[in-house]
Amino acid sequence: MKNCLLLFILLTFHRCNCFSQTYIEPLSGYQSDIANHGKFHQINSGIQLSFKKSSRYELIARIQKSWGLPYHSVDSSFTANSTLPLYEPANKTIISEAWYLSLDHRFILKSKGKNHQFSILLLTGISGQIFKVNYKYDKVDYAILNPDQTQKTGGVSIGTGFEYMRLFKNDRLFFRLTIDAPLMGEITYPSSFKPMSLLAFNAGYSFLIKKKKHEK
Numbered sequence: 496m497k498n499c500l501l502l503f504i505l506l507t508f509h510r511c512n513c514f515s516q517t518y519i520e521p522l523s524g525y526q527s528d529i530a531n532h533g534k535f536h537q538i539n540s541g542i543q544l545s546f547k548k549s550s551r552y553e554l555i556a557r558i559q560k561s562w563g564l565p566y567h568s569v570d571s572s573f574t575a576n577s578t579l580p581l582y583e584p585a586n587k588t589i590i591s592e593a594w595y596l597s598l599d600h601r602f603i604l605k606s607k608g609k610n611h612q613f614s615i616l617l618l619t620g621i622s623g624q625i626f627k628v629n630y631k632y633d634k635v636d637y638a639i640l641n642p643d644q645t646q647k648t649g650g651v652s653i654g655t656g657f658e659y660m661r662l663f664k665n666d667r668l669f670f671r672l673t674i675d676a677p678l679m680g681e682i683t684y685p686s687s688f689k690p691m692s693l694l695a696f697n698a699g700y701s702f703l704i705k706k707k708k709h710e711k
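For reference, each letter of the sequence shown is one residue, going 496 to 711 in the numbering used here.
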């Protein structure tokens, strides 16, 4: 799937035959999962290339990694040893991470000020998610019934959002709020969590790196 998307990106850029500006845009931010009742939170870092095709549209190729913050909870562990308490708490930590390989679309809205730009974003690509599960309890005398296990999933990722951009002479500063639909993947093992749907706030800086006519 990754190879197919990369081929699509290369073919898309190769066919560009109009005047365009190309920007490189590092970005970072924070996102929270809304599919699992706010259990999982992540710090984002990524980079993207933006190709300005017209005054109202830009095509964006994005690579992003999302680093998970620990989620702590407690399960119960049980023992068959009659000399010990029947159950003891088992401390559980889940760290969720994600990655994105995406072709995004920036639809630019009309603005009254020449230095301010507002856009609607459409996010399309593939994504992977991993849930790293760790337990701390007495594993010699106790056992957990149906414990969570580390899980991986991946699939098509679709999202949308809103962006504000402050324009300078050549470069640009932007802030965006986006939301991803639940990932079109599956958790194969019965778990207390499901694929994430992430609400994200990201900020970045857009550096102009090329302004010339592309020819076939």
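Here a beta-carbon is modelled for each residue, glycine too, at the ideal position from N, C-alpha and C. Since the structure is predicted, the reported quantities are computational estimates derived from the model, not experimental observations.
- Listed in chain order, the non-local C-beta contacts of T588 below 6 Å within the same chain comprise P565, H567 and N629, local neighbours out to five positions each way being set aside.
- Between the region 634-651 and the region 679-697 there are three or more C-beta pairs closer than 8 Å, enough to call the two in contact.
- Residue pairing for I603: DSSP places it in a beta bridge opposite S614.
- Y582 places its beta carbon 9 Å or farther from that of R557.
- Under a 10 Å Cβ-count criterion, L693 is classified as buried, with 16 or more other Cβ atoms of the shown protein chains found around its own Cβ.
- At a Cβ-Cβ threshold of 9 Å, L616 and T673 count as neighbours.
- L581 carries a coil assignment under DSSP once its states are collapsed to helix, strand and coil.
- CA-to-CA, the gap between Y525 and Q537 works out to about 6 Å.
- Burial state of E553 is buried, judged by a 10 Å Cβ sphere holding 16 or more other Cβ atoms.
- Put simply, the backbone Cα of E520 is about 58 Å away from that of L579.
- Out of R671, D633, N665 and M691, the CA that lies nearest to the CA of F702 is found in N665.
- Taking the Cα positions, Q612 is about 35 Å away from G680.
- Shown here, P521 sits in a strand according to DSSP, grouped into three states.
- Under the three-state reduction of DSSP, I589 is assigned to strand.
- In the same chain as D570, and ignoring 5 residues on each side of it, the C-beta atoms closer than 6 Å to its own belong to A585, K587 and I639, in chain order.
- Spatial neighbours of K631 in its own chain (CB-CB distance under 6 Å, excluding positions within 5 residues in sequence) are listed in chain order as N586.
- Sequence-distant partners of F626 (beyond 5 residues in either direction) whose C-beta falls short of 7 Å from its own C-beta, in its chain, are I589, S591, T645, Q646 and F688.
- The C-alpha of N697 lies about 46 Å from the C-alpha of D636.
- For E658, the enclosing beta strand (DSSP E) begins and ends at Q646 to L662.
- Around R661, the same chain offers N610, H611, R667 and L668 as residues with beta carbons nearer than 7 Å, after the five sequence neighbours per side are excluded.
- Taking 8 Å as the upper bound for CB-CB distance, G649 and G623 are in contact here, some 4 Å apart.
- Straight through space, the alpha carbons of L618 and L598 are spaced by roughly 7 Å.
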